[in-house]
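Chemist: Attaching a single structure in structure tokens format; questions to follow.
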Amino acid sequence: SICILSITGKVASCDGTIHIWNGQTGKLIAAHTESSTSFPLQTASVEQANMLNQDALSGGILSNAFRGSLYTTMHYMASEDKLVAGMGNGSIRFIDISRDQKLHLWKSDSAEISFSSLVSTICSSGSDKPRNGSLVASSSWIAAGLSSGYCRLLDERSGKIIAVWRAHDGHITKLASPEDHLIASSSLDKTLRIWDLRRY
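In the working numbering, the protein residues as written are 20 to 219.
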């Protein structure tokens with residue numbers, strides 16, 4: 020995925036590693052990876068780690084190549100100049116763009132949805148919506164769409180899970196927040212759904 024970091028004119032790209040680029044010159048400014056020591060290694064052969072596997076729960080797109088500590092998606096929170104990066108093990112990492120520094124890591128408890136799945140898309144409340152000509156000061160929640168079809172809603176300040184629900188029958192491809200109390204989700208199950216967060 021690609022994000023234009025509007026405040027700085029930088030561009031971020033994600034291909035397992037997050038790269039920050041100068042938007043004018045195209046030169047690489049920084050690269051962020053997640054240390055494999057942050058997460059215990061799962062037992063798998065090298066061949067298995069690089070094989071593409073189909074999984075009915077993910078709509079046929081489930082790659083062991085994106086499991087573990089690789090970044091799978093990202094979302095830019097313009098009001099805070101932060102990237103929120105999803106990972107192959109369901110965890111979420113915050114990166115401060117202006118200081119070029121990794122911040123806190125929210126590790127996923129795969130037991131919450133009975134199996135692990137990668138974070139396929141992220142959105143947040145109010146972080147990139149102008150209100151009365153200015154950006155909202157900060158978001159209050161972050162939503163992570165998973166390859167399993169589940170959606171996870173987290174408190175942006177504490178990382179505590181507010182709600183987890185089965186949003187789709189396949190891999191969630193996109194989340195968006197048209198209003199602070201709404202999430203729109205799309206999936207490989209060929210549906211588009213709107214969720215009212217006031218119910219959670």
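Cβ coordinates follow ideal geometry from the N, Cα and C atoms, glycine included.
Since this is a predicted model, take the numbers as computed values, not measurements.
#1: With distances taken from CA atoms, which of T52, Q43, W40 is nearest K121?
#2: Based on the DSSP secondary-structure assignment, which residues constitute the bridge partners of G105?
#3: Are at least three pairs of beta-carbons, each pair with one atom in the region 88-100 and one in the region 38-50, less than 8 Å apart?
#4: Helix, strand or coil for R218? Go by DSSP, reduced to three states.
#5: Beta-carbon within less than 7 Å of Q24's beta-carbon, same chain only, minus the 5 sequence neighbours each way: which residues are those?
#6: Using only CA atoms, which one of R217, S144, S205 lies nearest to Y169?
#7: Any idea if R171 is buried or exposed, counting beta-carbon neighbours within 10 angstroms, 16 or more meaning buried?
#8: Which term fits R185, buried or exposed, when burial requires 16 or more other beta carbons within 10 angstroms of its beta carbon?
#9: What is the rounded straight-line gap between the Cα of S139 and the Cα of A163?
Modeler: Reading it off the structure:
#1: The residue labelled residue 121 in the question sits at position 102 within the sequence shown. Answer by Cα proximity: T52.
#2: Counting from one through the sequence shown, the residue named residue 105 turns up at place 86. G105 is bridged to T92, I111.
#3: Taking 8 Å as the limit for Cβ pairs, the verdict is that the region 38-50 does not touch the region 88-100.
#4: Locating residue 218 in the sequence shown gives position 199, where the first residue counts as 1. Annotated three-state conformation of R218 is helix, per DSSP.
#5: Locating residue 24 in the sequence shown gives position 5, counting from the first residue. The amino acid at residue 24 is misidentified as Gln; the sequence shows Leu. So the list reads V30, A31, Y95, I116, once near-sequence residues are dropped.
#6: The count along the sequence shown starts at 1 and reaches residue 169 at position 150. Residue S205 is the option with its Cα nearest to Y169.
#7: Mapped onto the sequence shown, residue 171 falls at position 152. So R171 ends up on the buried side.
#8: If you number the sequence shown from 1, residue 185 lands on position 166. So R185 counts as exposed.
#9: If you number the sequence shown from 1, residue 139 lands on position 120. If you number the sequence shown from 1, residue 163 lands on position 144. Between S139 and A163, the C-alpha separation is close to 7 Å.
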